[in-house]
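Peer 1:
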Amino acid sequence: MDIKDRIAAAVEERRAAILGLSRRIHAEPELAFEEHATSRLLRATLAAEGFAVTENLSSYPTAFRAVRSGADGGPRVTFTAEMDALPGLGHACGHNIIGAAGVYAAVVLGAVLPPGTPGTVEVVGTPAEEKGSGKVRLVRDGVFAGSDAVLQIHPHALDSVICQAMARRTFVVEFFGRKAHAAAAPGAGANALDALVDFYHAAVLPRTKLPPGTLFHGIIEAGGEAPNIVPDYARGRFSLRADAMAKLDSLAEHASCLARDAAAAAGCRVEITEPGPGVTTFKRNAVLEDLFAGLFEERGRLGPRRFRDAYGSTDLANVSWAVPTIEPMVKAADAPIHTEEFARAAAGEGGERALLDGVYFLARAGYRLLTEPALLDEVRRDFQTAAE
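For what it's worth, my numbering labels the leading residue of the sequence shown as 14, then goes sequentially.
(1) Measuring CA to CA, which of Gly-33, Phe-320, Leu-44, Gly-289 is closest to Ser-184?
(2) Using 9 Å as the threshold, is the C-beta distance between Glu-284 and Pro-341 below it?
(3) How close, in whole Å, do the beta carbons of Ala-178 and Thr-327 come, if the pair is a contact with beta carbons under 8 Å?
(4) Please check the pair Tyr-380 and Ile-20, which I expect to be a contact at CB under 8 Å, by giving their CB distance rounded to whole angstroms.
(5) When burial is assigned at 16 or more other CB atoms within 10 Å of the CB, is His-296 buried or exposed?
(6) For Ile-31 versus Leu-368, is the C-beta spacing smaller than 9 Å?
(7) Tell me whether the region 267-285 and the region 165-179 touch, counting them as touching only if at least three CB pairs, one residue from each stretch, are closer than 8 Å.
(8) Looking at the strands, I want to know which residues DSSP matches up with Gly-138.
(9) Work out the CA separation of Gln-397 and Arg-248 for me, nearest whole Å.
(10) Tell me which residue opens and which closes the beta strand (DSSP E) that Ile-233 is part of.
(11) For Phe-320, count neighbouring C-beta atoms within 10 Å of its own C-beta (all shown protein chains included) and say buried if the count is 16 or more, exposed if not.
(12) Which of helix, strand or coil does DSSP assign to Asp-245?
(13) What's the gap between the Cα of Gly-159 and the Cα of Val-90?
(14) Just confirm the distance between the C-beta atoms of Val-134 and Ala-119, as a whole number of angstroms; I'd bet it's less than 8 Å.
(15) Under 8 Å: do the region 150-165 and the region 53-67 share three or more Cβ pairs, one atom per stretch?
(16) Would you please state the rounded distance, in angstroms, between the beta carbons of Met-96 and Pro-140? I believe it to be under 8 Å.
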């Protein structure tokens, strides 16, 4: 039996366990930085398979590293396991699939590697992809410094090995005004909500006037306490995105100017803060993309070299600038991510096929990277020469 068939058989032998892990995570969604039960479940699964588990990476209670080492020396292949869900939508981004795929790719790879193979297989459990960008601190703290390649799949509405991600910064914009009676003495107040609404209209609504390759969207988090009191405080949270870092910096400066103008017009004061780290664009690796494209086609997922017309942001992009990284999209549903339909699909037939295929893709790629030095050298060369 060749390695392709051995990996396929190893995945099939673990089908019930793989799907069971994903279903348990899906049934108990946990928000960013609160993934305690999910983290425990993933850690326990890996420990039972003989992995050495380290908890509390970068002072994150839910982050972990699980390692299975072969002979001394050799490369280190890292699978990432995302865990967090979305407020009000559960696992509508399919992190139950991502977490289960990362864990069982490592388990399968460890099971099929010949004894004494040099190298290390590891899983890094990464919290707060949806809000907080947990991988940014992990990168900063050197968690991925020893990795030769980082591999993760993502369930999606299409198959694609092309890594696309928009750089993103998050702004919290706060306006401070002055209270007054809204009917008896409105002129005595300074309406912070008016300032926020003016800013929203100026910055967010004229989407067709934004520079190509940029996005600006957000929500109002606070806007007053009673309709008969002029609000003295209003707050919004906004995501600024761009397909190039220079564009993002320009958009951020433009947004800051609009916020100051809105505050001045309403007689208010404004403060702009960034509550968490920004994320970058994705540094693509053509060798890894070619590797996964062949694996997709091997499993009947044809045409995987397609670009997406619209795409979001991810903290895995920050990892891609530190170490060769890939995040292929594996079709799980026709519905787009971050919808109720996709949340259902993440535990449905399409999602589970994506999960099983994803484990196969990751394990096959990991095997080749660990056992084919020439391939890994190509990955490294592409990483050294690739631009944004």
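Where is the CB? At the ideal position from N, CA and C, for every residue including glycine.
Small disclaimer: the values here were computed from a predicted structure and weren't measured.
Peer 2: According to the data block:
(1) Here residue 184 turns out to be Phe, not Ser, going by the sequence shown. Cα-wise, what sits closest to Phe-184 is Gly-289.
(2) Cβ distance not < 9 Å, so Glu-284 and Pro-341 don't count as in contact.
(3) 5 Å
(4) Between Tyr-380 and Ile-20, the beta carbon gap of about 7 Å places them in contact (Cβ cut-off 8 Å).
(5) A quick correction: the sequence has Lys, not His, at residue 296. Its Cβ being crowded by 16 or more others within 10 Å, Lys-296 is buried.
(6) yes
(7) Not touching, per the Cβ criterion.
(8) Phe-77, Ala-94
(9) Taking the straight line joining both Cα atoms gives about 43 Å.
(10) Unbroken beta strand (DSSP E) run through Ile-233: 227-235.
(11) exposed
(12) coil
(13) Their Cα atoms are separated by approximately 9 Å.
(14) 5 Å
(15) no
(16) 6 Å
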